[in-house]
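There are 2 protein chains.
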Amino acid sequence: MDSITMETLLLRHLSTKMAQDIMRTLIRVTFGTEASQLSALYFLAFSNGTHGLLSQFSSSLNGARELRIKGGAQQIALELSVKIGKECIILNTPVTEIEQSENGVRVSTRFGKIYRSKYIIVALPPTEVHRILFNPSLSLKHRQLLQRYPVGHLTKFIITYPKAFWREKGFSGEVLSYGGGKVERGCDAGPISATYDATTHHGHPAIVGYMASKSGVQWNSKDTSCRKQSVLETLSYFWGDWVHDPIDYVEKNWGEEAYVGGCPTHGMSPGMMVWFHQIRTPFGRIYWAGTETATRWCGYMDGAVQAGERAALEVLYKFQPQTLTAADLDVIDLQVRRSSFIHPPPDPHIFRWTLCLPLFLIAMGWAAYTLRRHFWVIGVGRIA
Amino acid sequence: MDSITMETLLLRHLSTKMAQDIMRTLIRVTFGTEASQLSALYFLAFSNGTHGLLSQFSSSLNGARELRIKGGAQQIALELSVKIGKECIILNTPVTEIEQSENGVRVSTRFGKIYRSKYIIVALPPTEVHRILFNPSLSLKHRQLLQRYPVGHLTKFIITYPKAFWREKGFSGEVLSYGGGKVERGCDAGPISATYDATTHHGHPAIVGYMASKSGVQWNSKDTSCRKQSVLETLSYFWGDWVHDPIDYVEKNWGEEAYVGGCPTHGMSPGMMVWFHQIRTPFGRIYWAGTETATRWCGYMDGAVQAGERAALEVLYKFQPQTLTAADLDVIDLQVRRSSFIHPPPDPHIFRWTLCLPLFLIAMGWAAYTLRRHFWVIGVGRIA
Chain A
1 MDSITMETLL
11 LRHLSTKMAQ
21 DIMRTLIRVT
31 FGTEASQLSA
41 LYFLAFSNGT
51 HGLLSQFSSS
61 LNGARELRIK
71 GGAQQIALEL
81 SVKIGKECII
91 LNTPVTEIEQ
101 SENGVRVSTR
111 FGKIYRSKYI
121 IVALPPTEVH
131 RILFNPSLSL
141 KHRQLLQRYP
151 VGHLTKFIIT
161 YPKAFWREKG
171 FSGEVLSYGG
181 GKVERGCDAG
191 PISATYDATT
201 HHGHPAIVGY
211 MASKSGVQWN
221 SKDTSCRKQS
231 VLETLSYFWG
241 DWVHDPIDYV
251 EKNWGEEAYV
261 GGCPTHGMSP
271 GMMVWFHQIR
281 TPFGRIYWAG
291 TETATRWCGY
301 MDGAVQAGER
311 AALEVLYKFQ
321 PQTLTAADLD
331 VIDLQVRRSS
341 FIHPPPDPHI
351 FRWTLCLPLF
361 LIAMGWAAYT
371 LRRHFWVIGV
381 GRIA
Chain B
1 MDSITMETLL
11 LRHLSTKMAQ
21 DIMRTLIRVT
31 FGTEASQLSA
41 LYFLAFSNGT
51 HGLLSQFSSS
61 LNGARELRIK
71 GGAQQIALEL
81 SVKIGKECII
91 LNTPVTEIEQ
101 SENGVRVSTR
111 FGKIYRSKYI
121 IVALPPTEVH
131 RILFNPSLSL
141 KHRQLLQRYP
151 VGHLTKFIIT
161 YPKAFWREKG
171 FSGEVLSYGG
181 GKVERGCDAG
191 PISATYDATT
201 HHGHPAIVGY
211 MASKSGVQWN
221 SKDTSCRKQS
231 VLETLSYFWG
241 DWVHDPIDYV
251 EKNWGEEAYV
261 GGCPTHGMSP
271 GMMVWFHQIR
281 TPFGRIYWAG
291 TETATRWCGY
301 MDGAVQAGER
311 AALEVLYKFQ
321 PQTLTAADLD
331 VIDLQVRRSS
341 FIHPPPDPHI
351 FRWTLCLPLF
361 LIAMGWAAYT
371 LRRHFWVIGV
381 GRIA
């Protein structure tokens, strides 16, 4: 199953073009990737981690898009930074190199600063891990995997309106489109892959949508006003002319961020699933977090939390195993408990005793010899 | 065709398992990659560039392995370094960042040294290009492509013998094996994918062979003596007991090289061929060489030469287009002749004349006014 693409699987098992197109669109929105680029087995494993296809794409109960965060997702980062203490967070300092030895880890940054620690948790997307120089090199399996686990592309847009007109007309605000709508030169298809109702908890009406995968990359070469025009025209096919009068139109293209490179998640190329566990297998003193290392809701925020907790427990297991509960130990892979890539330093006790004990005995002997006369006097009395 | 893997194509069009296994082995040896990891269309394009399958795998006339270089392939680099002048070659200086502006290119290295030039030719494997930080970022298409163009894995071994026993027995020295031979724990199959006769031009008899792709990675976790033992036992199945007495056994694992990462070439994952030309499309002042950018014998040394010449001509076209012949111009892509990602600086002449001309006129006016009386005397005579 890992040797075929998701496209092959769709063609083999879905008999109508409409069913195929729906799946292709859902894959585009979920991975920012074409079905033709994705390992079929990876998709199935991914869907298994989200309790099936329906919850993966759904914005209703237990669905991937069920919950939104008051004030936006950045609230999590902001609240965490208060808890951790801003002085403990170093921003704008990209890591270029991670070296490890028997004693610890040494992290070099782009601007020459160096940090040291006993252990390190790397919570980066796989493509960014691949860009760091590791010394010693990561295992061959891990490096082969990182090369075949690329990130997709997604441009997100949010259109705000004075009123939620779509609700008044009886629409949910959800649109799935396989390239329908207004096409520009250089683009194979219309811009929109999907939209959702994104009305805020304050009640400000908004529509959020995605320009995903190849089509998104093509539209990326157009200027914003052209994209906006085409997005609105496409939406007007579905909802009518009112869409042309938004309050605001905002876009975010994650592909432009130098240290992110894409959105929303990574999708495995075919042929690597046999070594997929490498993504979270500790390498000496290096432990792995980040949503791509999760086993449940991998690629989502839920997965990021799971992975972060697991990685923290793994490191805690090395420091203070006695603090871990049985439930904690279950979270940690058995492999982790056994793993020790960096051989433990030779036991210092042996050295200490082989050197100190003879020295101590010699010192005692010398002291006994020197104080012999004195002892004699005090302890036994001297025979004159 | 780009949406299916080579494995899917083999299963679809080859009816016997033996034919499939032969193709799988040939793909392993050529790309260091499994058929399941490779885009079928990429494989066909690759084979088109090598004039078909037969020449791709063959060591006879016009074949990929027809020619060898006296004294080894490093002779090319050594001879070139003499021609170029060793003082012009900077070694052990990995590039970390390439910035370009309207005036030129700025290359930063790992140890803080900085180099500047008008244009730059990058002749690196795609995975290593991906590890460099570009400012401005490479085009989205190019970055998406680099992520899906991974390098394979190959461990090469050379066994030297006192005599070419295999020739005496009537063997060519060529073996293709789909995982036959002695298997160790942790390895799915035997070590050898292929061997060839590698007798030197001095007549020193030798066999060269490959442990390729997944199987090669698995064998990589064993120690050398274990691998050697298993390689020799596997070869003895084919050739008899004499193989157990070699003069020497040497290995090279390119996966261990921090700035190479694999061997022998890159193989495209499915779904990206539509943007394959991005690999050689200049980006402002950055031009691309390296065998993966070649259109003929891509992935081979022949391709590296073609790509190098093309890139050199492209840069020459920017400097001194009048020196290029019609044949040279044909080598350069039309796209290159038109490309100008970095907009030309605003014409300095406009600025110069809008400022200088009025100033010049004012100065002339003032001079005329001042010298009015003098002119009058000399030129016309003064009316007293």
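Chains A and B are the protein sequences, given in the same order. Counting with the UniProt record's numbering, you get residues 1 to 384 for the letters of the first sequence. Counting with the UniProt record's numbering, you get residues 1 to 384 for the letters of the second sequence. Glycine included, every Cβ here is placed at the ideal spot set by N, Cα and C. Please read all numbers here as calculations on a predicted model, not as lab measurements.
- What residues of chain B sit near S193 (chain A), judged by a beta carbon separation below 9 Å? Residue numbering aside, residue 193 (chain A) sits at position 193 when the first sequence is read from its first letter. Under the 9 Å cutoff, chain B gives no residues; its nearest Cβ is about 16 Å from S193 (chain A).
- Where D347 (chain A) falls, given that 16 or more other Cβ within 10 Å makes a residue buried: Here the question's residue 347 (chain A) lines up with position 347 in the first sequence. Residue placement at D347 (chain A) is poorly supported in this model, since its pLDDT is 49, which falls under 50; the coordinates are not used for a value here.
- Just the C-alpha distance for S15 (chain B) and M23 (chain B), rounded to the nearest angstrom, thanks. By one-based count along the second sequence, residue 15 (chain B) stands at place 15. By one-based count along the second sequence, residue 23 (chain B) stands at place 23. M23 (chain B) has its alpha-carbon roughly 12 Å from the corresponding atom of S15 (chain B).
- Task: Determine the DSSP secondary structure at E174 (chain B), reduced to helix, strand or coil.
- Result: Here residue 174 (chain B) refers to the residue found at position 174 of the second sequence. Coil, per DSSP.
- Query: Under 9 Å Cβ-Cβ, which residues of chain B neighbour G179 (chain A)?
  - Reply: Numbered from 1 along the first sequence, position 179 holds the residue referred to as residue 179 (chain A). Chain B residues near G179 (chain A): none, gap ~14 Å exceeds 9 Å.
- Query: On the premise that S172 (chain A) lies in contact with D197 (chain A), defined as a C-beta separation below 8 Å, what is that separation, rounded to the nearest angstrom?
  - Reply: Looking up residue 197 (chain A) in the first sequence gives position 197. Looking up residue 172 (chain A) in the first sequence gives position 172. Confirmed, Cβ separation roughly 6 Å.
- Message: So the candidates are B:V122, B:I76, B:D248, B:M268; which of them puts its Cα closest to the Cα of G308 (chain B)?
- Response: Position 308 of the second sequence, counted from the first residue, corresponds to residue 308 (chain B). Of the candidates B:V122, B:I76, B:D248, B:M268, the one whose C-alpha sits nearest the C-alpha of G308 (chain B) is B:V122.
- Listing by chain order, which chain B residues have their CB less than 9 Å from the CB of H13 (chain A)? If you number the first sequence from 1, residue 13 (chain A) lands on position 13. At a beta-carbon threshold of 9 Å, none of the residues of chain B lie near H13 (chain A); the nearest stands roughly 14 Å away.
- Message: For W297 (chain B) and Y259 (chain A), what's the separation of their Cα atoms in angstroms?
- Response: Counting from 1 along the second sequence, the entry for residue 297 (chain B) is found at position 297. Counting from 1 along the first sequence, the entry for residue 259 (chain A) is found at position 259. Their Cα atoms are separated by approximately 34 Å.
- Message: Does Y369 (chain A) pass the burial test, meaning 16 or more other C-beta atoms within 10 Å, or should it be called exposed?
- Response: Sequence index remark: in the first sequence, residue 369 (chain A) carries index 369 (1-based). Around the C-beta of Y369 (chain A), fewer than 16 other C-beta atoms lie within 10 Å, and the residue is accordingly described as exposed.
- Ignore the nearest five residues each way along the sequence and tell me which others in P246 (chain B)'s own chain have a CB closer than 7 Å to its CB. Residue mapping note: residue 246 (chain B) aligns to position 246 of the second sequence, counting from 1. Close CB contacts of P246 (chain B) within its chain, under the 7 Å cut and outside five residues either way in sequence, are with I159, T160, Y161 (chain order).
- Between T155 (chain A) and F360 (chain B), what straight-line distance do the alpha-carbon atoms span, to the nearest angstrom? Here residue 155 (chain A) refers to the residue found at position 155 when the first sequence is read from its first residue. Here residue 360 (chain B) refers to the residue found at position 360 when the second sequence is read from its first residue. For the pair T155 (chain A) and F360 (chain B), the Cα-to-Cα distance works out to about 54 Å.
- Within 10 angstroms of its Cβ, does T25 (chain A) collect 16 or more other Cβ (buried), or is it exposed? Taking the first sequence and counting its residues from 1, one reaches residue 25 (chain A) at position 25. Classification for T25 (chain A): buried.
- Listing by chain order, which chain A residues have their CB less than 8 Å from the CB of K141 (chain B)? Working through the second sequence from its first residue, we reach residue 141 (chain B) at position 141. Correct list: V217.
- Item | CB contact check: L67 (chain B) to chain A, cutoff 8 Å | Looking up residue 67 (chain B) in the second sequence gives position 67. So, not an interface residue.
- Item | Where the beta strand (DSSP E) through N92 (chain A) begins and ends | If you number the first sequence from 1, residue 92 (chain A) lands on position 92. Here N92 (chain A) belongs to no beta strand (DSSP E), and DSSP marks it neither H nor E.
- Query: For M301 (chain A), which of A:Q56, A:K83, A:T195, A:A326 has the nearest alpha-carbon?
  - Reply: For this step, residue 301 (chain A) is matched to residue 301 along the first sequence. Measuring from the Cα of M301 (chain A), the nearest candidate turns out to be A:Q56.
- Query: Do P321 (chain A) and G152 (chain A) have their C-beta atoms within less than 8 Å of each other?
  - Reply: Within the first sequence, numbered from 1, the residue matching residue 321 (chain A) stands at position 321. Within the first sequence, numbered from 1, the residue matching residue 152 (chain A) stands at position 152. It is not a contact, given that the beta carbons lie outside the stated cut-off.
- Message: I want to verify the contact list: residues of chain A whose CB lies under 9 Å from the CB of N92 (chain B), in sequence order.
- Response: Stepping through the second sequence from its first residue, residue 92 (chain B) is reached at position 92. In chain order: nothing, as chain A lies at least about 14 Å away.
- Task: Could you check how far apart the C-beta atoms of S215 (chain B) and D188 (chain B) are, in whole angstroms? I think they sit under 8 Å.
- Result: In the second sequence, the residue the question calls residue 215 (chain B) occupies position 215. In the second sequence, the residue the question calls residue 188 (chain B) occupies position 188. About 7 Å; that satisfies the 8 Å criterion.
- Using alpha carbons as the reference points, say which of A:S47, A:R167, A:R148, A:Q74 lies closest to A64 (chain A). Stepping through the first sequence from its first residue, residue 64 (chain A) is reached at position 64. Its Cα nearest to that of A64 (chain A), the residue A:S47 stands out among A:S47, A:R167, A:R148, A:Q74.
- Message: Please list, in chain order, the chain A residues whose beta carbon lies closer than 7 Å to that of D2 (chain B).
- Response: By 1-based counting over the second sequence, the position of residue 2 (chain B) is 2. Near D2 (chain B) (Cβ distances below 7 Å), the residues of chain A are S36.
- Task: Could you list which residues in chain A have their beta carbon closer than 7 Å to that of G261 (chain B), in chain order?
- Result: Taking the first residue of the second sequence as position 1, residue 261 (chain B) is located at position 261. Counting only Cβ-Cβ distances below 7 Å, G261 (chain B) has contacts in chain A at R143, in chain order.
- From Y115 (chain A) to S36 (chain B), what does the alpha carbon distance come to, in whole angstroms? Counting from one through the first sequence, the residue named residue 115 (chain A) turns up at place 115. Counting from one through the second sequence, the residue named residue 36 (chain B) turns up at place 36. For Y115 (chain A) and S36 (chain B), the gap between their C-alpha atoms comes out near 41 Å.
- On the three-state DSSP scale, how would you describe G240 (chain B)? The sequence position of residue 240 (chain B) within the second sequence is 240, counting from 1. G240 (chain B) falls in the coil class under three-state DSSP.
- Message: Rounding to the nearest angstrom, what Cα-Cα distance links G299 (chain B) and N62 (chain A) in this structure?
- Response: The residue labelled residue 299 (chain B) in the question sits at position 299 within the second sequence. The residue labelled residue 62 (chain A) in the question sits at position 62 within the first sequence. Cα to Cα, the separation comes out at about 48 Å.
- Query: E174 (chain A): which of A:V183, A:K163, A:G186, A:I192 sits nearest, CA to CA?
  - Reply: In the first sequence, residue 174 (chain A) corresponds to position 174, counting from 1. That would be A:I192, whose Cα lies nearest to the Cα of E174 (chain A).
- Task: Kindly list the residues whose CB is nearer than 8 Å to the CB of T127 (chain A), restricted to its own chain and excluding five residues on each side of it in sequence; keep chain order.
- Result: Looking up residue 127 (chain A) in the first sequence gives position 127. The beta carbon of T127 (chain A) lies closer than 8 Å to those of L146, Y149, P150, V151, G261, G262, H266 in the same chain, with the five residues before and after it left out.
- Item | Q320 (chain B), DSSP secondary structure in three states | Within the second sequence, the letter at position 320 stands for residue 320 (chain B). Coil, per DSSP.
- Under 8 Å by Cβ, that's how I've got S3 (chain B) and P282 (chain B) pegged, so tell me the actual separation to the nearest angstrom. The residue labelled residue 3 (chain B) in the question sits at position 3 within the second sequence. The residue labelled residue 282 (chain B) in the question sits at position 282 within the second sequence. Cβ-Cβ separation between S3 (chain B) and P282 (chain B): approximately 29 Å, too far for a contact (criterion under 8 Å).
- Excluding sequence positions up to five away, which residues of its chain have a Cβ less than 7 Å from the Cβ of K17 (chain B)? As a first step, residue 17 (chain B) is located in the second sequence; it is residue number 17 there, counting from the start. Around K17 (chain B): no qualifying Cβ.
- Query: Along the chain, where does the alpha helix (DSSP H) that runs through S213 (chain B) open and close?
  - Reply: For the purposes of this step, residue 213 (chain B) is taken as residue 213 along the second sequence, with counting starting at 1. 213-220 is the span of the alpha helix (DSSP H), which, as asked, contains S213 (chain B).
- chain B beta carbons: is any one of them nearer than 8 Å to that of E256 (chain A)? Counting from 1 along the first sequence, the entry for residue 256 (chain A) is found at position 256. With respect to chain B, the C-beta atom of E256 (chain A) has a partner C-beta closer than 8 Å.
- Task: Flag this pair as yes or no: are the beta carbons of L67 (chain A) and A40 (chain A) separated by less than 8 Å?
- Result: In the first sequence, the residue the question calls residue 67 (chain A) occupies position 67. In the first sequence, the residue the question calls residue 40 (chain A) occupies position 40. No, the pair does not count as a contact, with Cβ atoms beyond the cut-off.
- Message: Taking its Cβ as the centre, do 16 or more other Cβ atoms sit within 10 Å of T292 (chain A), making it buried, or is it exposed?
- Response: Taking the first sequence and counting its residues from 1, one reaches residue 292 (chain A) at position 292. Checking the sequence, you will find Glu at residue 292 (chain A) rather than Thr. Result: buried.
- For A35 (chain A), three-class secondary structure by DSSP: The residue given as residue 35 (chain A) occupies position 35 in the first sequence. It is helical.
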